[in-house]
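Visitor: Supplied in structure tokens, the structure appears directly below.
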Amino acid sequence: MITIEQLITRIEQRQPIINKADISAEQLRHPFNSVGSLTTADQKQLSFLADPHYISSLSGSQAGAVLVTQAYRDQVPESALALVVSDPYLAYASASQLFARQSLSAGIHPSAVISDSAVIGDEVNIGPFCVIGDYVQIGARSSLDAHVVIEAHSEIGTDSVIKSQVVIGHDCVIGNYARLHVGASIGAEGFGFAPTNNPSVSGWERIAQLGRVIIGDHVRIGSHTCVDRGAIDDTVIGNHVIIDNLVQVAHNVRIGDGTAIASQTGIAGSTTIGKRCIIGGAVGITGHIEITDDVVLSGMTMVTKSIKTAGSYSSGTAAMPTANWRRAAVRFRQLGRD
Amino acid sequence: MITIEQLITRIEQRQPIINKADISAEQLRHPFNSVGSLTTADQKQLSFLADPHYISSLSGSQAGAVLVTQAYRDQVPESALALVVSDPYLAYASASQLFARQSLSAGIHPSAVISDSAVIGDEVNIGPFCVIGDYVQIGARSSLDAHVVIEAHSEIGTDSVIKSQVVIGHDCVIGNYARLHVGASIGAEGFGFAPTNNPSVSGWERIAQLGRVIIGDHVRIGSHTCVDRGAIDDTVIGNHVIIDNLVQVAHNVRIGDGTAIASQTGIAGSTTIGKRCIIGGAVGITGHIEITDDVVLSGMTMVTKSIKTAGSYSSGTAAMPTANWRRAAVRFRQLGRD
Amino acid sequence: MITIEQLITRIEQRQPIINKADISAEQLRHPFNSVGSLTTADQKQLSFLADPHYISSLSGSQAGAVLVTQAYRDQVPESALALVVSDPYLAYASASQLFARQSLSAGIHPSAVISDSAVIGDEVNIGPFCVIGDYVQIGARSSLDAHVVIEAHSEIGTDSVIKSQVVIGHDCVIGNYARLHVGASIGAEGFGFAPTNNPSVSGWERIAQLGRVIIGDHVRIGSHTCVDRGAIDDTVIGNHVIIDNLVQVAHNVRIGDGTAIASQTGIAGSTTIGKRCIIGGAVGITGHIEITDDVVLSGMTMVTKSIKTAGSYSSGTAAMPTANWRRAAVRFRQLGRD
């Protein structure tokens, strides 16, 4: 159980509780076990009004406490404690972390295979069947679940969470407070080949990928996302970058601080993405281009050229009944005639 | 070897063999070792005519038996036994399962790490290096291959097949007769973050994902498909849902009974998909919308709004020679001028 | 450290060094530790001029040696040894491999679970926690990192590199000189189901996938790429095929020799791709069609019909400011009216 006092302490790491002085000592001890929506939360759950669309659900809410802005404070029902903040959604995010179940591992599991030359920090957890290579460094309080592989000479910062079956290739650097989800592949070999130009061979000569992956602090990488190592120079992900599942980050890509990337987006080799970009799902970005800071790309956008001006960009066409679509697609094709 | 008698028993779980009375005791003992197409099957293989397009291959087939509808019964060659059913493709599907190789595991491998508090049903197989967390329940006759991770408090039903390297997060529920393929990630943390709105921090506050993933009976999840856990409420997949490889099912998505989803499709957070939908490959569906029952989406369709009427929908444009495409794309761009 | 002599030997496996006779015995002993770009390489690094765009960086380069064509030989600075070849990019590729870090494993790790009936060739490495099934064959000098699973009756050729957490299903055949990257799934069950056509059941009958995956020599498969086994016949990948990360190759697909496929492309069931095709990222190719030899598909192309003529094909529309895109998309929709 978490008390209001603990919730307040966590929320105030980000923003003040405006009405803190009005909360009684008894209210501070009220126990909570989870977060709930306005319509489903009970007395042991914290709720929030982040979007005024849901205002009609506020007065009837059974939640034990509700995070609201000053404007809606008076509409919180008497059964709930109002917690007034300037950004209730952010406060909900902060509070939610107190209710999360802890990780699988505790301590170093005896089945893990850890090189004698690896340097493991204090209070590190390493789960069953992990494999830690030569000269690997893992910072204090970091936690690895099961079947994690960290190849030789890689460094993980402090306070990082690495879920099961993440693989980190050799010589990579991961910052502090990382969260790497199930099966993320960091530092696998980039897709680099030279054509042999020899009809009798009909093959490709592999280009060994000699660069690394360098990841900043507070970075989140989703399940089965692939971040390949650079060919000569490194693939670089800045601080506070958040990446969803099944994303492809090719060799020598650079991603600026604070950028968010939704699921199934692909970024081809040597492209640079600016800071604070918001990239929707299944976006495709070609190689060797630059996207400037503060660009928003809607889902499924196809980016074939550099984007030099901040703003929102889109492409494609949206679903329509198939019979109509067939006609439209034929007419699009006709647009391509000489 | 499988006899006709065994094949008939399995097929009749779904539909009657119309001419069963005409099959002799000797024919019932005919041994089969596999399924083959009409043109390649030999005397020890079962074949089928599901699509009348292939009728020209029927008379010359060397198969030992052929599944056909009544209409084509007379065209089955004398060397083959005709098995008459109303749906030969369904009968082939039923029969095919008798020829499948059995799973990797048998019994509980001594290397598996299984919590003392886990409850393991009768005749369960658990392969090498699996990790089973506290209070996990696994129903009778379920089978886990190698390197499967099931985090604490999750439940797996009976008769389920879980292939190598599947990871199931804590507190999830998987029904009976599930088939989870290599590397499927069920119940990883959803992609939920609140912007800090603080230029000096330039970061994101993580929203702990406190919901679960709840999966019904007879569900199939493909390789490396990701089904993320809900933020507050659960992510829910109904009964008889079949999902291909590399699909993204974001947090709080709900998928109705009997829906099929092809590879690389992505469904963004909090979207609801109806029953009996057929969703092609690489479809992108935005978040917070509803797709009603019996919707068909062709491959690569971009869905940006709710679909309230059953039927077939499409989007995009199909491949054309690049020179023509360049002109068409320029003209599409011109359509966007004021 | 690698000497010029060693580099020359490796490069000449593909093409002659035109000025080899001019290189002194002292120069042949010059030690190198890596490859660098013209602007960053130092005296212990090899560089190259592959694209004349970078000619301005040549005269000031600090590299110890530079790969160039005859045309640029005279512009190599005196501090660098010129290595003259007809294809400097190919020569760089060849040379790069000498600088790559070796694999995780050495020998057979005692934790690996290897069936007594498996046949393991000479000098094979098998890393921690690998699982090798009954009657598996692994050719000489092949190397498996950690957590690799090879199911019963599969064969791996010689000189192959299989990175951590690759899973190879039963009865598959992988050729010589394969490179399978982290988490690749080879031979999982294809997505084949027959509708039950029974409203009271509302389900799907699984079609057991009885075919195999057959992969030729010199094939590269990227991280988390899925190559499913065939339904009746096999899924077949030719020689010298290179495939990037997160690609879907469905059951019974056939891919011709020398074809390259970039990340996140999906190829639906029973489609045949020709030889020497270049397929961009996130391309979608429908099932049961044929793409002829020497076809180039740009990124995100949607292929709905067979392509019978070699050449370059594209589809889709490129990113534009969202306000303009909205108008263009509305007008596209209007094209679909009767």
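Chains as they are written, first to last, in the working numbering: chain A, 9 to 346; chain B, 9 to 346; chain C, 9 to 346. Virtual Cβ for every residue (Gly too), placed ideally from N, Cα, C.
(1) Mind listing the chain C neighbours of Gln-173/A? Cutoff is C-beta to C-beta under 7 angstroms, in chain order.
(2) Below 8 angstroms on C-beta distance, what does His-155/A contact in chain B?
(3) Rounded to a whole number of angstroms, what is the C-alpha to C-alpha distance between Asp-252/C and Ala-270/B?
(4) What number of angstroms, rounded off, separates the C-alpha of Ser-168/B from the C-alpha of Ala-290/C?
(5) Given a cut-off of 9 angstroms on the beta-carbon distance, is the pair His-178/A and Ser-162/A in contact?
(6) State yes or no: is the beta carbon of Gln-217/A nearer than 9 angstroms to at least one beta carbon in chain C?
(7) Using the C-alpha atoms, what's the distance from Arg-262/B back to Ile-245/B?
(8) Given that a residue counts as buried once 16 or more other Cβ atoms are within 10 Å of its Cβ, and exposed if not, what is Gly-319/A?
(9) Would you kindly work out how many angstroms separate the C-alpha atoms of Glu-197/C and Val-121/C, rounded to a whole number?
(10) Using a Cβ-Cβ cutoff of less than 6 angstroms, which residues in the same chain neighbour Ser-278/A once the five nearest sequence positions on both sides are dropped?
(11) Go through its chain and collect everything with a Cβ distance to Ala-160/C's Cβ below 7 angstroms, but skip five positions before and after it.
(12) Cβ closer than 7 angstroms: which chain E residues qualify as neighbours of Leu-254/A?
(13) Following the continuous beta strand (DSSP E) through Ile-63/A, name the residue where it begins and the one where it ends.
(14) Given a limit of 8 angstroms on CB to CB distance, which residues of the stretch 264-293 of chain A reach chain B?
(15) Short of 9 angstroms Cβ to Cβ, which residues in the stretch 314-339 of chain A face chain C?
(16) How would you list, in chain order, the residues of chain A whose beta-carbon sits under 9 angstroms from the beta-carbon of Met-9/C?
(17) Among residues of its own chain, excluding the 5 on either side of Ser-104/B, which ones have a beta-carbon nearer than 7 angstroms to its beta-carbon?
(18) Would you check if the stretch 94-108 of chain B and the stretch 74-82 of chain B touch, i.e. whether three or more CB-CB distances between them fall below 8 angstroms?
(19) Are the C-beta atoms of Gly-238/A and some chain C residue less than 9 angstroms apart?
(20) If you compare alpha carbons, which of Ser-119/A, Arg-339/A, Val-257/A and Leu-57/A is closest to Gly-238/A?
(21) Any idea if Arg-345/A is buried or exposed, counting beta-carbon neighbours within 10 angstroms, 16 or more meaning buried?
(22) Which residues of the stretch 186-201 of chain C have a Cβ closer than 7 angstroms to any Cβ of chain B? Give them in chain order.
(23) Taking the straight line between their C-alpha atoms, what separation do you get for Asp-82/A and Arg-37/A?
(24) Under a CB-based cut-off of 9 angstroms, is Leu-305/A close to chain B?
(25) What's the gap between the Cα of Ile-10/A and the Cα of Thr-267/B?
(26) On the premise that Ala-186/B lies in contact with Ile-223/B, defined as a C-beta separation below 8 angstroms, what is that separation, rounded to the nearest angstrom?
(27) Judging by CA-CA distance, which residue of Thr-48/B, Ser-32/B, Lys-28/B and Ile-12/B is the nearest neighbour of Ile-240/C?
(28) Do three or more CB pairs link the stretch 299-318 of chain C to the stretch 325-334 of chain A at distances below 8 angstroms?
(29) Run the CB neighbour count on Asn-205/C, radius 10 Å, all protein chains shown included, and call it buried at 16 or more, exposed below.
(30) Write down every uninterrupted run of the beta strand (DSSP E) in the stretch 31-104 of chain B whose length is 3 residues or greater and which is fully enclosed by it, in chain order.
(31) Taking the alpha-carbon positions, what's the Ile-146/B to Ile-128/B distance?
(32) Using beta carbons (cut-off 9 angstroms, strictly below), is Val-311/C in contact with chain A?
(33) Would you say Arg-149/A faces chain B, with C-beta separation under 9 angstroms as the test?
(34) List, in chain order, every chain A residue whose beta-carbon is nearer than 7 angstroms to that of His-117/B.
(35) Assuming Ser-150/C and Ile-164/C form a contact by the criterion Cβ under 8 angstroms, report the distance between their Cβ atoms to the nearest whole angstrom.
(36) Can you say whether Asp-153/C is buried or exposed, counting buried as having 16 or more other CB atoms within 10 angstroms of its CB?
Guide: With the structure as the only source:
(1) Result: Gln-173.
(2) Result: Phe-137, Val-139, His-155, Val-157 and Gln-173.
(3) Between Asp-252/C and Ala-270/B, the C-alpha separation is close to 20 angstroms.
(4) Spanning the two alpha carbons is a distance of roughly 33 angstroms.
(5) Taking the C-beta atoms as reference points, Ser-162/A is found nearer than 9 angstroms to His-178/A.
(6) Yes, Gln-217/A counts as interfacial toward chain C.
(7) Put simply, the backbone Cα of Ile-245/B is about 6 angstroms away from that of Arg-262/B.
(8) For Gly-319/A, the number of other beta carbons within 10 angstroms of its own is below 16, and it is reported as exposed.
(9) Cα-Cα distance, rounded: 23 angstroms.
(10) The residues are Asn-260, Gly-295 and His-296.
(11) The answer, listed in chain order, is Gly-141, Asp-142, Tyr-143, Val-144 and His-178.
(12) No chain E is part of this structure, whose protein chains are labelled A, B and C.
(13) DSSP places Ile-63/A outside any beta strand (DSSP E), giving it a letter other than H or E.
(14) Asp-265, Gly-266, Ala-268, Ala-270, Ser-271, Gln-272, Lys-283, Arg-284, Gly-289 and Ala-290: these are the residues of the stretch 264-293 of chain A whose beta carbon lies less than 8 angstroms from some beta carbon of chain B, given in chain order.
(15) So the list reads Ile-315, Thr-317, Gly-319, Ser-320, Tyr-321, Ser-322, Ser-323, Gly-324, Thr-325, Ala-326, Met-328, Pro-329, Ala-331, Asn-332, Trp-333, Arg-334, Arg-335, Ala-336, Ala-337, Val-338 and Arg-339, given in the order they occur along the chain.
(16) Under the 9 angstroms cutoff, chain A gives no residues; its nearest Cβ is about 15 angstroms from Met-9/C.
(17) Taken in chain order, the residues that qualify are Val-43.
(18) The stretch 74-82 of chain B, when compared against the stretch 94-108 of chain B, does touch it at the 8 angstroms Cβ threshold.
(19) For Gly-238/A, no Cβ of chain C is located within less than 9 angstroms of the residue's own Cβ.
(20) Checked all of Ser-119/A, Arg-339/A, Val-257/A and Leu-57/A; the closest Cα to Gly-238/A is Val-257/A.
(21) Under this definition Arg-345/A is an exposed residue.
(22) Going along the stretch 186-201 of chain C in chain order, one finds Gly-191, Ser-193, Ala-196, Glu-197, Phe-199 and Phe-201 with a Cβ nearer than 7 angstroms to chain B.
(23) Distance between the alpha carbons of Asp-82/A and Arg-37/A: 23 angstroms.
(24) No, no contact with chain B.
(25) Cα to Cα, Ile-10/A sits roughly 40 angstroms from Thr-267/B.
(26) Yes, Ile-223/B and Ala-186/B are in contact; Cβ-Cβ is about 7 angstroms, under 8 angstroms.
(27) Among Thr-48/B, Ser-32/B, Lys-28/B and Ile-12/B, the Cα nearest to that of Ile-240/C is on Thr-48/B.
(28) Touching, no.
(29) Classification for Asn-205/C: exposed.
(30) If we require 3 residues or more, the beta strand (DSSP E) runs fully inside the stretch 31-104 of chain B come out as 53-56, 73-76 and 89-92.
(31) Rounded to whole angstroms, Ile-146/B to Ile-128/B spans 5 angstroms at the Cα level.
(32) With 9 angstroms as the cut-off, Val-311/C does not count as an interface residue toward chain A.
(33) Judged by the 9 angstroms Cβ criterion, Arg-149/A is not in contact with chain B.
(34) Under the 7 angstroms cutoff, chain A gives no residues; its nearest Cβ is about 12 angstroms from His-117/B.
(35) Rounded, the Cβ-Cβ distance is 6 angstroms, consistent with contact.
(36) Looking at its Cβ environment, which holds 16 or more other Cβ atoms inside 10 Å, Asp-153/C is buried.
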